[in-house]
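Trainee:
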Amino acid sequence: MSTEPVVAEAGRDFIRDIVQADLDAGRYKEIVTRFPPEPNGYLHIGHAKSIALNFGIAQEFGGHCNLRFDDTNPTKEEQEYIDSIQADVHWLGFDWGKNVFYASDYFERLYEWAEGLIRGSLAYVDDQSQEEIRATRGTLTEPGKNSPFRDRSVEENLDLFRRMRAGEFPNGARVLRAKIDMASGNINLRDPVLYRILHAHHPRTGNKWCIYPSYDYAHGQSDAIEGVTHSICTLEFEDHRPLYDWLIEKLPVPSRPRQYEFARLNLTYTLLSKRVLTQLVRDGHVAGWDDPRMPTMAGLKRRGVPPAAIREFVKRIGVAKANSVVDVGMLEFCIREELNRTAQRRMAVLRPLKVVIENYPEGQVEELEAVNHPDDPSAGTRKIAFGRELYIERDDFMENPPKKFFRLSPGTEVRLRYAYFIKCREAIKNAAGEVVEVRCTYDPATRGGNAPDGRKVKATMHWVPAAQSRVAEVRVYNQLFANPSPSAANFAADLNPESLEVLRDARVEPSIVEGSSNEPMQFERQGYFVRDRAFTPERPVFNRTIGLRDTFAKEVGKG
RNA sequence: UGGGGCGUCGCCAAGUGGUAAGGCAGUGGAUUUUGAUUCCACCAUGCGGAGGUUCGAAUCCUCCCGCCCCAGCCA
2 MSTEPVVAEA GRDFIRDIVQ ADLDAGRYKE IVTRFPPEPN GYLHIGHAKS
52 IALNFGIAQE FGGHCNLRFD DTNPTKEEQE YIDSIQADVH WLGFDWGKNV
102 FYASDYFERL YEWAEGLIRG SLAYVDDQSQ EEIRATRGTL TEPGKNSPFR
152 DRSVEENLDL FRRMRAGEFP NGARVLRAKI DMASGNINLR DPVLYRILHA
202 HHPRTGNKWC IYPSYDYAHG QSDAIEGVTH SICTLEFEDH RPLYDWLIEK
252 LPVPSRPRQY EFARLNLTYT LLSKRVLTQL VRDGHVAGWD DPRMPTMAGL
302 KRRGVPPAAI REFVKRIGVA KANSVVDVGM LEFCIREELN RTAQRRMAVL
352 RPLKVVIENY PEGQVEELEA VNHPDDPSAG TRKIAFGREL YIERDDFMEN
402 PPKKFFRLSP GTEVRLRYAY FIKCREAIKN AAGEVVEVRC TYDPATRGGN
452 APDGRKVKAT MHWVPAAQSR VAEVRVYNQL FANPSPSAAN FAADLNPESL
502 EVLRDARVEP SIVEGSSNEP MQFERQGYFV RDRAFTPERP VFNRTIGLRD
552 TFAKEVGKG
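Numbering (our numbering), first residue to last: 2 to 560.
(1) Given this structure, state the Cα-to-Cα distance separating Pro38 from Phe70, to the nearest angstrom.
(2) What does the alpha-carbon distance come out to for the pair Leu68 and Glu78?
(3) CB-CB under 7 Å to Met2, same chain, minus the five flanking residues each way: which ones, in chain order?
(4) Does the beta-carbon distance from Leu354 to Val465 come in below 8 Å?
(5) Can you tell me whether DSSP reads Cys211 as helix, strand or coil?
(6) In three-state DSSP terms, what is Ile181?
(7) Could you round the C-beta distance between Arg471 and Pro521 to whole angstroms and report it? I think they count as a contact, below 8 Å.
(8) Could you check if Ile429 is buried or exposed, using at least 16 other CB atoms within 10 Å of its CB as the buried criterion?
(9) Run through DSSP, which three-state label would Phe238 get?
(10) Taking the C-alpha atoms as reference points, what is the distance between Val254 and Val90?
(11) Between Pro293, Asp224 and Ala288, which has its C-alpha nearest Gln480's C-alpha?
(12) Cutting at 6 Å between CB atoms, please list the residues of its own chain near Glu339, excluding the five before and the five after it.
(13) Could you tell me the distance, in whole angstroms, from the CA atom of Asp377 to the CA atom of Glu370?
(14) How big is the Cα-Cα spacing for Pro6 and Thr230?
(15) Asp14 by DSSP, collapsed to three states: which one?
(16) Drop a sphere of 10 angstroms on the beta-carbon of Pro1, count the other beta-carbons inside from all chains shown, and report buried for 16 or more, exposed for fewer.
(17) Are the CB atoms of Thr34 and Ile19 nearer to each other than 8 Å?
(18) Tell me the DSSP bridge mates of Val327?
(19) Measure the alpha-carbon distance for Gly434 versus Glu400 and round it to whole angstroms.
(20) The beta strand (DSSP E) with Ala104 in it runs from where to where?
(21) Going by the DSSP bridge assignment, what does Thr34 pair with across the sheet?
(22) Can you give me the Cβ contacts of Tyr245 inside the same chain, cut-off strictly under 6 Å, excluding the 5 residues immediately before and after it?
(23) Count the other CB atoms, across all protein chains shown, that sit within 10 Å of the CB of Thr546; report buried if there are 16 or more and exposed otherwise.
(24) Using alpha carbons as the reference points, say which of Glu132, Gly449, Leu266 and Ala432 lies closest to Tyr421.
(25) Along the chain, where does the beta strand (DSSP E) containing Gln523 start, and where does it finish?
(26) With respect to the alpha helix (DSSP H) encompassing Lys424, which residues constitute its N-terminal and C-terminal limits?
(27) Would you report the Cα separation of Thr76 and Arg164, rounded to the nearest angstrom?
(28) From Pro411 to Cys425, what distance separates their C-alpha atoms?
(29) So the candidates are Ile181, Glu61, Gly186 and Ala115; which of them puts its Cα closest to the Cα of Leu161?
(30) Less than 8 Å between the C-beta atoms of Tyr82 and Pro149, yes or no?
(31) Run the CB neighbour count on Pro193, radius 10 Å, all protein chains shown included, and call it buried at 16 or more, exposed below.
(32) Hey, is Ser85 close to the ligand ATP, as in C-beta under 7 Å from one of its heavy atoms?
(33) Can you find the residues in the same chain that come closer than 6 Å, C-beta to C-beta, to Ala104, ignoring five residues on each side of it along the sequence?
(34) What is the rounded straight-line gap between the Cα of Arg205 and the Cα of Arg13?
(35) Is the beta carbon of Thr271 less than 8 Å from the beta carbon of Phe482?
(36) Please look up how many angstroms separate the CB atoms of Tyr125 and Thr297, rounded, as I've assumed it's under 8 Å.
Structure below.
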């Protein structure tokens, strides 16, 4: 066992620097962090940044990270979300062990501490209405006014607070407020609400409570109870820190956690607000929280994005305090990088065009060998049937090709991957003038894909045998939003009408639909695909995770 | 015009007084039975601006400019 100080191998950032300095100074014997979602929605890739930060720091510095549900508002929270959050954190690759907690576990202690605040004349029950409180809070530039109930006696406050808890008053009738400073420049210090009356059923505590602590009151104290050393949250809580510290100082808490803030993740072509995501689902713009176009963990998972790619992504973007918008291309790079390394290759034709090899014997079938991964021989090989009739990609044939088009066109010769060189003789068209079949000849000497005479072809194309291939549905996804910086206020206007394209008569090699593996695959020259959860051998359905980099398309786009 | 933050390459982001890391994107080129991958090269005399201190400043000081957050009994 080494006694060397633990040094993070991952990218350094200002928070890890603080943790390291705290360790070096001997301020803590163990680093404790926490990931504290409110169970009021599904986790998204922005949460992944926070999860990786909190769990990552705990791992790197030999501490632990708690999963804590910040369930202080029963009107918004549901068990469904508690369950999905746990599943998603696990899927991302992090484990809280036994350390799963709920703010609601601490309601009794929080309540007792609140009475303590009252006894110390640091909190009071305010009878003002919500409107009155708002009206007397002041503005950004003007101080607020003290509540007429601010100087109630301790006895009266205690009595009222207990009756609040006992359920004597309706929602909104009274609140418990901290007595701080109505003239503070920091609005969070203008007598913030600590408890409100909410006659609502809580997913964990049921109907036991009808008063609930506010975030500000519950969060820091929960941290302290759990022995959290570094309470990491996003930038918008910066001005809550003085209140966080005030409560920690005034209350008899068992430890003194400190809050640090970092910038939340923003992505181009993406909206991550819970409000928007919820509305996207509710209004039917997507098929659900796990629609593969959603930036939710569930969506990314169903889309086929490997958790390792997300971890790599959040590692690469770093942690800082500057508001920023990360190019979604960065995420896509990480997905391709991971999938290129791990996904086995297969052949599938998304938009089939029939090819008949005129000089190939009618009825003959032979088996060709294909490698499963070009850079990983241990992935092995497989056999693919080859016959007189095949399918190739529609895009791979052009009757009147522009310059720089290397694929098949009348008179040109190309290679069918793992098979033969073929040469196009003629294109057969239907009445509408569309090419429906391509007649070719093959060179038997090029079996396996090489010409004994050393002649070269400029293109190698994927293909699938007509008789042995299977029909499949392939869902091709593009950005959900067409605008690189979609409007959160009016997101519907920025939706990409072409975010989903369903190809119902794709043709895939049999190995793709056989077996029970749900591993991602690369359909050669197309991209990476996974079986959708709706997949059955009888009705195979695939999702395209992401396309391959396509410099040819880019070239064409330029022209 | 109150309080709290932030401004380094198209996008992230190191840098903490010693002469601008890295990644993504982009651009050239090599290899290639995926127009993929891989590899190699190029890509900030400049760090929001203006002054100042210093032998030396992205880093220190002054002033200015811009952007973000806060007036929920949401988190």
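Glycine included, each C-beta is placed from N, C-alpha and C at the ideal position.
Mentor: With the structure as the only source:
(1) The count along the first sequence starts at 1 and reaches residue 38 at position 37. The count along the first sequence starts at 1 and reaches residue 70 at position 69. Between Pro38 and Phe70, the C-alpha separation is close to 5 Å.
(2) Sequence index remark: in the first sequence, residue 68 carries index 67 (1-based). Sequence index remark: in the first sequence, residue 78 carries index 77 (1-based). Using only the alpha carbons, I get a separation of about 16 Å.
(3) By 1-based counting over the first sequence, the position of residue 2 is 1. With a pLDDT of only 32 at Met2, under 50, the local geometry of the prediction cannot be trusted, and the value read off the model is given with reservation. Within its own chain, no residue has a Cβ closer than 7 Å to the Cβ of Met2 once the five positions on either side in sequence are excluded.
(4) Taking the first residue of the first sequence as 1, we reach residue 354 at position 353. Taking the first residue of the first sequence as 1, we reach residue 465 at position 464. With respect to Val465, Leu354 sits apart: the two C-beta atoms are not nearer than 8 Å.
(5) For the purposes of this step, residue 211 is taken as residue 210 along the first sequence, with counting starting at 1. DSSP, read as helix, strand or coil, puts Cys211 in coil.
(6) As a working note, residue 181 is residue 180 in the first sequence. DSSP places Ile181 in the coil class of the three-state scheme, outside both helix and strand.
(7) Residue mapping note: residue 471 aligns to position 470 of the first sequence, counting from 1. Residue mapping note: residue 521 aligns to position 520 of the first sequence, counting from 1. By a beta-carbon distance limit of 8 Å, Arg471 does not contact Pro521. Their separation comes to about 19 Å.
(8) For the purposes of this step, residue 429 is taken as the residue at position 428 of the first sequence. By the Cβ neighbour-count rule, Ile429 is exposed, with fewer than 16 other Cβ atoms within 10 Å of its own.
(9) Against the first sequence, residue 238 aligns to sequence position 237. Taken through DSSP and simplified to helix, strand or coil, Phe238 comes out as helix.
(10) Numbered from its first residue, the first sequence carries residue 254 at position 253. Numbered from its first residue, the first sequence carries residue 90 at position 89. Answer to the nearest angstrom: the Cα atoms are 29 Å apart.
(11) Locating residue 480 in the first sequence gives position 479, counting from the first residue. Closest option to Gln480, Cα to Cα, is Pro293.
(12) Mapped onto the first sequence, residue 339 falls at position 338. If we look at Glu339 and ignore the five residues flanking it on each side, its Cβ neighbours are Pro307, Ala309 and Ala310.
(13) In the first sequence, the residue the question calls residue 377 occupies position 376. In the first sequence, the residue the question calls residue 370 occupies position 369. Between the alpha carbons of Asp377 and Glu370 lies a distance of about 15 Å.
(14) Residue numbering aside, residue 6 sits at position 5 when the first sequence is read from its first letter. Residue numbering aside, residue 230 sits at position 229 when the first sequence is read from its first letter. Model confidence at Pro6 stands at a pLDDT of 34, short of 50, so the residue's coordinates are unreliable; what they give is reported in the following sentence. Pro6 and Thr230: Cα-Cα distance of roughly 18 Å.
(15) As a first step, residue 14 is located in the first sequence; it is residue number 13 there, counting from the start. In the three-state reduction of the DSSP assignment, Asp14 falls in the coil class.
(16) This structure gives no information on residue 1, because the portion of the chain shown stretches from 2 to 560.
(17) What you label residue 34 is simply residue 33 of the first sequence in a count that begins at 1. What you label residue 19 is simply residue 18 of the first sequence in a count that begins at 1. With contacts defined by Cβ atoms closer than 8 Å, Thr34 and Ile19 do not form a contacting pair.
(18) The residue you call residue 327 lines up with position 326 of the first sequence. Looking at the DSSP assignment, Val327 forms a beta bridge with Leu268.
(19) By one-based count along the first sequence, residue 434 stands at place 433. By one-based count along the first sequence, residue 400 stands at place 399. Note on geometry: alpha-carbon atoms of Gly434 and Glu400 lie some 11 Å from one another.
(20) Stepping through the first sequence from its first residue, residue 104 is reached at position 103. Here Ala104 belongs to no beta strand (DSSP E), and DSSP marks it neither H nor E.
(21) Counted from its first residue, the first sequence places residue 34 at position 33. Looking at the DSSP output, Thr34 bridges to Cys66.
(22) Counted from its first residue, the first sequence places residue 245 at position 244. If we look at Tyr245 and ignore the five residues flanking it on each side, its Cβ neighbours are Gly221 and Gln260.
(23) The residue given as residue 546 occupies position 545 in the first sequence. Buried is the call here.
(24) The residue given as residue 421 occupies position 420 in the first sequence. Nearest to Tyr421 by C-alpha distance, out of Glu132, Gly449, Leu266 and Ala432, is Gly449.
(25) Residue mapping note: residue 523 aligns to position 522 of the first sequence, counting from 1. Following the DSSP letters along the chain, one finds Gln523 inside the beta strand (DSSP E) bounded by residues Met522 to Phe524.
(26) Position 423 of the first sequence, counting from 1, holds the residue named residue 424. Per DSSP, Lys424 belongs to no alpha helix (DSSP H); it is in the beta strand (DSSP E), Phe422 to Lys430.
(27) For the purposes of this step, residue 76 is taken as the residue at position 75 of the first sequence. For the purposes of this step, residue 164 is taken as the residue at position 163 of the first sequence. In a straight line, the C-alpha of Thr76 is about 21 Å away from that of Arg164.
(28) The residue you call residue 411 lines up with position 410 of the first sequence. The residue you call residue 425 lines up with position 424 of the first sequence. For Pro411 and Cys425, the distance between alpha carbons rounds to 5 Å.
(29) As a working mapping, residue 161 is identified with position 160 in the first sequence. The residue from Ile181, Glu61, Gly186 and Ala115 with its alpha-carbon nearest to that of Leu161 is Ala115.
(30) The residue labelled residue 82 in the question sits at position 81 within the first sequence. The residue labelled residue 149 in the question sits at position 148 within the first sequence. Tyr82 places its beta carbon 8 Å or farther from that of Pro149.
(31) The residue you call residue 193 lines up with position 192 of the first sequence. It counts as buried.
(32) Annotation note on the ligand ATP: not contained in the displayed structure, which lists no ligands.
(33) Residue numbering aside, residue 104 sits at position 103 when the first sequence is read from its first letter. The answer, listed in chain order, is Asp71, Asp72, Thr73, Ala219 and Ser223.
(34) In the first sequence, residue 205 corresponds to position 204, counting from 1. In the first sequence, residue 13 corresponds to position 12, counting from 1. Straight across, the Cα-Cα distance linking Arg205 with Arg13 is about 38 Å.
(35) Locating residue 271 in the first sequence gives position 270, counting from the first residue. Locating residue 482 in the first sequence gives position 481, counting from the first residue. A distance below 8 Å separates the beta carbons of Thr271 and Phe482.
(36) On the first sequence, position 124 is the one that residue 125 refers to. On the first sequence, position 296 is the one that residue 297 refers to. 42 Å between Cβ atoms; not a contact.
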